[in-house]
């Protein structure tokens, strides 16, 4: 858990630093910075998504994962947590705390480093990936908090819980974590990060939170592979 603890602390420190800097940044600068960050987040997601070597599996996982996420209303629950924080901790502008919490939580949780780093931490006790992620998250938390507010600081709680669960569960899923599975999990995470970028840029509201279960579905690849082979064969016959 050491890597996850360090990661959460880095977000808190970076977020609080961003809050301190917030008043000195004009609104026009904040808007432009957020647009730039949105573009950067999109490229990060795209580079991860392009690593997939099994697009049928990605599509299957996104569809099934979205159904599961909608059934459990994951994004609504995240939003409710953000709204609760907004009402009980304070306001930094209408909806800013909730938006900062949800946006930062998703960005910090769905990336490849969060998944792979937590798995490494749980399986081998190697925290290097999470330490590297901590540095990156701490720096980006400064920028996000300066524009989105204190909700970014509270995303450290979501990161701690999310990565902690993956770390503790790693030993149970170890038999299924072949290289192909990890690659496709990372690719799906990249795809979801692209969705977050679209949200940041206000192009279209995408319910990324409800797609989160898709990231973990490649673990079940050995069981669904026969079905996917039949689907591929069916489309090949049509072509």
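Numbering (the working numbering), first residue to last: 1341 to 1579.
We put the beta carbon where it would ideally sit given N, CA and C, even for glycine.
### Query
For residue 1370, does the three-state DSSP call read helix, strand or coil?
Under the three-state reduction of DSSP output, residue 1370 falls in the helix class.
### Query
Between which two residues does the alpha helix (DSSP H) harbouring residue 1529 extend?
In the DSSP annotation of this structure, the continuous segment of the alpha helix (DSSP H) that includes residue 1529 starts and ends at 1519-1540.
### Query
Does the Cβ-Cβ distance between residue 1397 and residue 1558 come in under 8 Å?
Judged by beta-carbon spacing, residue 1558 lies within the 8 Å limit of residue 1397, meaning their Cβ atoms are closer than that value.
### Task
May I ask which residues mark the beginning and end of the alpha helix (DSSP H) holding residue 1451?
Run containing residue 1451: none; DSSP gives neither H nor E here.
### Query
Is the beta carbon of residue 1448 sitting closer than 8 Å to the one on residue 1495?
A contact, by the Cβ cut-off of 8 Å.
### Task
Given a cut-off of 8 Å, decide if residue 1492 and residue 1444 are closer than it, judged by their beta-carbon atoms.
Yes; because the gap between Cβ atoms is below 8 Å, this pair is in contact.
### Task
Determine the closest residue to residue 1542 out of 1421, 1478, 1411, 1374, with distance taken between C-alpha atoms.
It is 1374.
### Query
For the alpha helix (DSSP H) that contains residue 1475, what are its first and last residues?
Segment 1468-1488, the alpha helix (DSSP H) holding residue 1475.
### Query
For residue 1366, is the classification buried or exposed, using 16 other Cβ atoms within 10 angstroms of its Cβ as the cut-off for buried?
By the beta-carbon neighbour count (other beta carbons within 10 angstroms, threshold 16), residue 1366 is exposed.
### Query
So, residue 1392 versus residue 1527, is the Cβ gap smaller than 8 Å?
Contact: yes.
#### Entry: First and last residue of the uninterrupted alpha helix (DSSP H) at residue 1510
For residue 1510, the enclosing alpha helix (DSSP H) covers residues 1491-1513.
### Message
By the DSSP assignment, the alpha helix (DSSP H) with residue 1397 in it spans what residues?
### Response
That run of the alpha helix (DSSP H) goes 1395-1412.
### Query
When you compare only the Cα positions, how much space is there between residue 1407 and residue 1414?
Between the alpha carbons of residue 1407 and residue 1414 lies a distance of about 11 Å.
#### Entry: C-beta contact flag for residue 1540 and residue 1546 at 8 Å
No, they are not a contact pair.
### Query
Do residue 1419 and residue 1458 have their C-beta atoms within less than 8 Å of each other?
Contact: no.
### Message
Using a 10 Å radius around the Cβ and a threshold of 16 neighbouring Cβ atoms, would you call residue 1577 buried or exposed?
### Response
Using a 10 angstroms sphere on the CB of residue 1577, the tally of other CB atoms stays under 16, which defines it as exposed.
### Message
Does the structure place the segment 1517-1537 close enough to the segment 1470-1484 that three or more beta carbon pairs sit under 8 Å?
### Response
No contact exists between the segment 1470-1484 and the segment 1517-1537.
### Task
Helix, strand or coil for residue 1363, going by three-state DSSP, please let me know.
It is coil, neither helix nor strand.
### Query
In its own chain, which residues sit with a C-beta less than 7 Å from the C-beta of residue 1388, not counting the 5 before and 5 after it?
For residue 1388, where only same-chain residues beyond five positions count, the Cβ hits under 7 Å are 1452, 1526, 1527, 1529, 1530, 1533.
### Query
Does the beta-carbon distance from residue 1385 to residue 1485 come in below 8 Å?
Between residue 1385 and residue 1485, the C-beta gap is not smaller than 8 Å, which leaves the two residues out of contact.
### Query
Looking only at its own chain, which residues have a Cβ that is under 7 Å from the Cβ of residue 1341, when we skip the five neighbours before and after it?
1504, 1507.
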